[in-house]
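**Student:**
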Amino acid sequence: MEERVIFRNISPIDHRYSISEHQLYEDMVPWLSEEASIAACVKAEIALVTAHLKVRGKLSGELKAGLEGLAGRVDPAEVYAEEEKTRHNIRALVNVIKRKAPAEAAPLVHLGATSVDILDTGLSWRMKGFTRNVALPLLRKLELLLCAFAEREAETPQVGRTHGQHAVPVTLGFAMAEYVSRLGKSILEIERLAGRLKGKLAGAVGAYNATAMIVKDPEELERVYLAELGLEASEHSTQLVEPEYLLRLLLEFNVAFGIIANLADDLRNLQRSEIGEVREGFAEDQVGSSTMPQKRNPWNSEHVKSLWKAFSPRIVSFFMDQISEHQRDLSNSASQRFIADYAAGFCLAVSRMAAVVEGLGADRDRLLANLRGGKGAASGIPGGILAEPAYILLAESGVSDAHEVIRKITLKAERQQLSFADALAGEAETLARIAAKMTELGLIDGADKALSFFERPELYRGLAVKKARELAAKYRKLMEDRKAEGPGGT
Numbered sequence: 000m001e002e003r004v005i006f007r008n009i010s011p012i013d014h015r016y017s018i019s020e021h022q023l024y025e026d027m028v029p030w031l032s033e034e035a036s037i038a039a040c041v042k043a044e045i046a047l048v049t050a051h052l053k054v055r056g057k058l059s060g061e062l063k064a065g066l067e068g069l070a071g072r073v074d075p076a077e078v079y080a081e082e083e084k085t086r087h088n089i090r091a092l093v094n095v096i097k098r099k100a101p102a103e104a105a106p107l108v109h110l111g112a113t114s115v116d117i118l119d120t121g122l123s124w125r126m127k128g129f130t131r132n133v134a135l136p137l138l139r140k141l142e143l144l145l146c147a148f149a150e151r152e153a154e155t156p157q158v159g160r161t162h163g164q165h166a167v168p169v170t171l172g173f174a175m176a177e178y179v180s181r182l183g184k185s186i187l188e189i190e191r192l193a194g195r196l197k198g199k200l201a202g203a204v205g206a207y208n209a210t211a212m213i214v215k216d217p218e219e220l221e222r223v224y225l226a227e228l229g230l231e232a233s234e235h236s237t238q239l240v241e242p243e244y245l246l247r248l249l250l251e252f253n254v255a256f257g258i259i260a261n262l263a264d265d266l267r268n269l270q271r272s273e274i275g276e277v278r279e280g281f282a283e284d285q286v287g288s289s290t291m292p293q294k295r296n297p298w299n300s301e302h303v304k305s306l307w308k309a310f311s312p313r314i315v316s317f318f319m320d321q322i323s324e325h326q327r328d329l330s331n332s333a334s335q336r337f338i339a340d341y342a343a344g345f346c347l348a349v350s351r352m353a354a355v356v357e358g359l360g361a362d363r364d365r366l367l368a369n370l371r372g373g374k375g376a377a378s379g380i381p382g383g384i385l386a387e388p389a390y391i392l393l394a395e396s397g398v399s400d401a402h403e404v405i406r407k408i409t410l411k412a413e414r415q416q417l418s419f420a421d422a423l424a425g426e427a428e429t430l431a432r433i434a435a436k437m438t439e440l441g442l443i444d445g446a447d448k449a450l451s452f453f454e455r456p457e458l459y460r461g462l463a464v465k466k467a468r469e470l471a472a473k474y475r476k477l478m479e480d481r482k483a484e485g486p487g488g489t
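First residue of the sequence shown: 0, per numbering that gives the first Met the number 0; consecutive thereafter.
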């Protein structure tokens, strides 16, 4: 067939991203391309012939070698040319295979099968292989980078944020551990669901009509056929494999996609000029703006979110593909082809996110300054985020309206432009009760030390360090154990 210049392609996946993500593109081609789709169907047809020969006890070494060599001799261009005559993609494929198959095997090509016995089974084989050999290694790489960042910054103080406002302190590693945990669980679920993809050899309506005319045990023939492809049979089939097996895998891809987009959005916002807590890597010759030479935009994080916006809504089509009238109609034949685009877009986003995290830097001075409170501190009060522990300790000392007492102190600090610690120092009775409770709890070793606690909000961080380290260690082990097992081809 005619070779196209990449810049004449329509999909940006096939030009813009094939250039910037060349190796990833090459890794995806054997699973997601049209060539891969045809090759998977050829593999399924060969598996069917092999199954027929096995159950008949006629699979000689010579025949087996002839069948194995067949896959490399089926040219997608020849199949497309044949389809111009047949107007049927699978019949065209069968005609081409029959012409090239060993003479003894040719009558068995497609025998007892309907088109979707090959198409759905081939798609399951491809998606299982793609997930294990491309998507999961990428996801594990990203997860391990997140684990490393969470552990490295486990003790780095950061102001917590809720509703876009300063809340109570956390650490930067703890904030990243949220994504370690969320993405880690999604990766494990993707792995599980990929292993549950199914195939079929149940014929035109799923009742084994055709194969019941060929063998005594059609389900055994189906098992042998699918075993050649590393698959198991759908519990019930129409002409189609039950769609929920693939749907659930795609839905979990979309869950992971959303987690990654959420991370990208958080990192983008933390790079705002007025926050400036983290920064993406920036090459020496890189340009941030066509007109403002000083700009260093968080464009990679923005790119990840943009890919999510483009591809995530396609999940609606996957839901719609659940529906096929009676034993089958063709309303899913076009929409299902775009699974490949979605899978490619997802992996492009994962790869870009991994690059962001790998080059991500933390401005620890800025993180501490934001936490201790300049402009943008809670209610404009430096150290105001420690109003919570002051209220808790005061309530623990027996003051029933402790919340209101501390709230009024924050108002005083705001009116008089004081830090929270200075405002609290002016309330001797309240400070004394808080200091006594802190001494009782072993938080300080003398009442005179109480005020210094409220001058250093980074000390109030709960279990942030512990959680960051525990989650990083947990998911690193899970990912490394699976990495050691290898991609696990199909």
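Just so you know, even glycine gets a beta-carbon here, dropped at the ideal spot from N, CA and C.
What beta strand (DSSP E) runs, 3 residues minimum, are completely inside the stretch 194–227?
**Tutor:** For the stretch 194–227, not a single whole beta strand (DSSP E) run of length 3 or above is found.
**Student:** Assuming Leu266 contacts Val158 (C-beta within less than 8 Å), just tell me the rounded distance between them.
**Tutor:** Start at 1 with the first residue of the sequence shown, and residue 266 comes out as number 267. Start at 1 with the first residue of the sequence shown, and residue 158 comes out as number 159. The pair is not a contact, with the Cβ atoms about 16 Å apart (cut-off 8 Å).
**Student:** On a Cα-Cα basis, can you pick out the residue from Gly172, Leu122, Ser305 that is closest to Glu241?
**Tutor:** If you number the sequence shown from 1, residue 241 lands on position 242. For the residues Gly172, Leu122, Ser305, the minimum Cα distance to Glu241 belongs to Leu122.
**Student:** Helix, strand or coil for Arg327 per DSSP?
**Tutor:** Reading the sequence shown from its first residue, position 328 is the one you call residue 327. Coil.
**Student:** Secondary structure at His302, three-state DSSP: helix, strand or coil?
**Tutor:** Here residue 302 is taken as the residue at index 303 of the sequence shown, counted from 1. Helix at His302.
**Student:** Can you tell me where the alpha helix (DSSP H) with His51 in it begins and where it stops?
**Tutor:** Walking along the sequence shown from the start, residue 51 turns up at place 52. Element bounds for His51: 33–54.
**Student:** Return the residue from the list Phe419, Met478, Leu245 that minimises the CA-CA distance to Ser180.
**Tutor:** Counting from 1 along the sequence shown, the entry for residue 180 is found at position 181. Of the candidates Phe419, Met478, Leu245, the one whose C-alpha sits nearest the C-alpha of Ser180 is Met478.
**Student:** Would you check if the stretch 119–134 and the stretch 157–171 touch, i.e. whether three or more CB-CB distances between them fall below 8 Å?
**Tutor:** No, because fewer than three Cβ pairs between the stretch 157–171 and the stretch 119–134 fall closer than 8 Å, the two stretches do not touch.
**Student:** Using C-beta distances below 6 Å, list every residue in its chain close to Ser114, excluding the 5 sequence neighbours before and after it, in chain order.
**Tutor:** Here residue 114 refers to the residue found at position 115 when the sequence shown is read from its first residue. Taken in chain order, the residues that qualify are Ile89.
**Student:** Measuring straight from C-alpha to C-alpha, what distance separates Met352 and Asn299?
**Tutor:** Taking the first residue of the sequence shown as 1, we reach residue 352 at position 353. Taking the first residue of the sequence shown as 1, we reach residue 299 at position 300. When rounded, the distance between both Cα atoms is 7 Å.
**Student:** Answer yes if the stretch 31–41 comes into contact with the stretch 137–149, meaning at least three C-beta pairs across the two stretches below 8 Å, and no otherwise.
**Tutor:** Touching, no, given that fewer than three Cβ pairs across the two stretches are closer than 8 Å.
**Student:** Which residue or residues does DSSP assign as beta-bridge partners of His165?
**Tutor:** In the sequence shown, residue 165 corresponds to position 166, counting from 1. BP columns for His165 point to Arg160.
**Student:** Going by beta carbon distance, what residues of the same chain come within less than 6 Å of Gly183, once the five residues before and after it are set aside?
**Tutor:** On the sequence shown, residue 183 is found 184 positions in, with the first residue counted as 1. Excluding positions up to five away in sequence, the list reads Glu142, Tyr474.
**Student:** Any idea if Gly111 is buried or exposed, counting beta-carbon neighbours within 10 angstroms, 16 or more meaning buried?
**Tutor:** The count along the sequence shown starts at 1 and reaches residue 111 at position 112. Buried, because 16 or more other Cβ atoms sit within 10 Å of the Cβ of Gly111.
**Student:** Taking its Cβ as the centre, do 16 or more other Cβ atoms sit within 10 Å of Glu234, making it buried, or is it exposed?
**Tutor:** Working through the sequence shown from its first residue, we reach residue 234 at position 235. Answer is exposed; the Cβ neighbour count stays below 16.
**Student:** Does the distance from the CB of Thr409 to the CB of Ala424 come in under 7 Å?
**Tutor:** In the sequence shown, the residue the question calls residue 409 occupies position 410. In the sequence shown, the residue the question calls residue 424 occupies position 425. Contact flag unset, no.
**Student:** Give me the Cβ distance between Ser500 and Ala435, rounded to the nearest whole Å; I'm assuming they're in contact under 8 Å.
**Tutor:** Residue 500 lies beyond the residue range present for the chain, which begins at 0 and ends at 489; the question has no answer from this structure.
**Student:** Under 8 Å by Cβ, that's how I've got Ala102 and Val108 pegged, so tell me the actual separation to the nearest angstrom.
**Tutor:** Here residue 102 refers to the residue found at position 103 when the sequence shown is read from its first residue. Here residue 108 refers to the residue found at position 109 when the sequence shown is read from its first residue. With 8 Å as the limit, Ala102 and Val108 do not qualify as a contact, their Cβ atoms being about 11 Å apart.
**Student:** According to the neighbour-count rule (16 or more other Cβ atoms, all chains shown, within 10 Å of its Cβ), is Ala431 buried or exposed?
**Tutor:** Position 432 of the sequence shown, counting from 1, holds the residue named residue 431. Exposed, since its Cβ has fewer than 16 Cβ neighbours within 10 Å.
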